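Notes to accompany the following structure.
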Amino acid sequence: MTRQAATPGGTLVLDSEGLAKAVLRDRVITRWLALALADDVRVITSTATLVEVIHPQINVPALKWALSRVVVEPVTEEIAHHATDLLREAGLHGHKHAIDAMLAATALAAPGPVTVLTSDPEDLTALCGKRLAAVKV
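Taken in order, the sequence shown gives residues -1 to 135; the numbers are from the working numbering.
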């Protein structure tokens, strides 16, 4: 990560892969989180992302550590409606893209510039275009 990728006042968003790697204390994600903290960049995820990440075998102390560094944004009715608009505009639908759309709507509601750490940059680009930077992790 370069310091330009997440500028002061911006937002760093973790999708399920980003959050899962934060739980595992992946070196790359840990560096992104450290630089975000140093640059006063807000780090968020969506409550919908938690559904993808939390499973019976998860290391609960590691999850708590990761979540202590992230603001978990709720999926409000407004976010849900924006997510459905994003799906419609992208020609996508259904459960396959629903959580990505909720995360995208959450990211787009955050102060910019917005960088999303994701396993699916193509999906987020399809939903958001150039309104955010999608970085593969």
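Glycine is no exception: its CB is placed at the ideal position from the N, C-alpha and C atoms.
Computed from a prediction, not measured in an experiment: that's the story for all the values here.
1) Enumerate in chain order the residues of its own chain whose CB-to-CB distance from Gly127 is below 6 angstroms, with the five nearest sequence positions on each side excluded.
2) What does DSSP give as the partner residue(s) for Lys134 in the beta ladder?
3) If you check the beta carbons only, do Lys94 and Thr116 fall under 8 angstroms apart?
4) For Val70, which residues from the same chain have a beta carbon less than 7 angstroms from its beta carbon, with the 5 sequence-adjacent residues on both sides left out?
5) Near Ala20, which residues of its chain fall below 8 angstroms by C-beta distance, leaving aside the five closest residues on each side in sequence?
6) CA-CA distance, Arg40 and Leu130?
7) Given this structure, state the Cα-to-Cα distance separating Thr74 from Asp24, to the nearest angstrom.
Put simply:
1) Correct list: empty, nothing qualifies.
2) For Lys134, the beta-bridge partners assigned by DSSP are Thr116.
3) Cβ distance not < 8 angstroms, so Lys94 and Thr116 don't count as in contact.
4) Same-chain partners within the cutoff: Thr43, Thr45, Leu48.
5) These residues qualify, in order along the chain: Leu12, Ile27, Thr28, Leu31, Ala64, Arg67, Val68.
6) Computed Cα separation, rounded: 14 angstroms.
7) Rounded to the nearest whole angstrom, the CA to CA distance from Thr74 to Asp24 is 30 angstroms.
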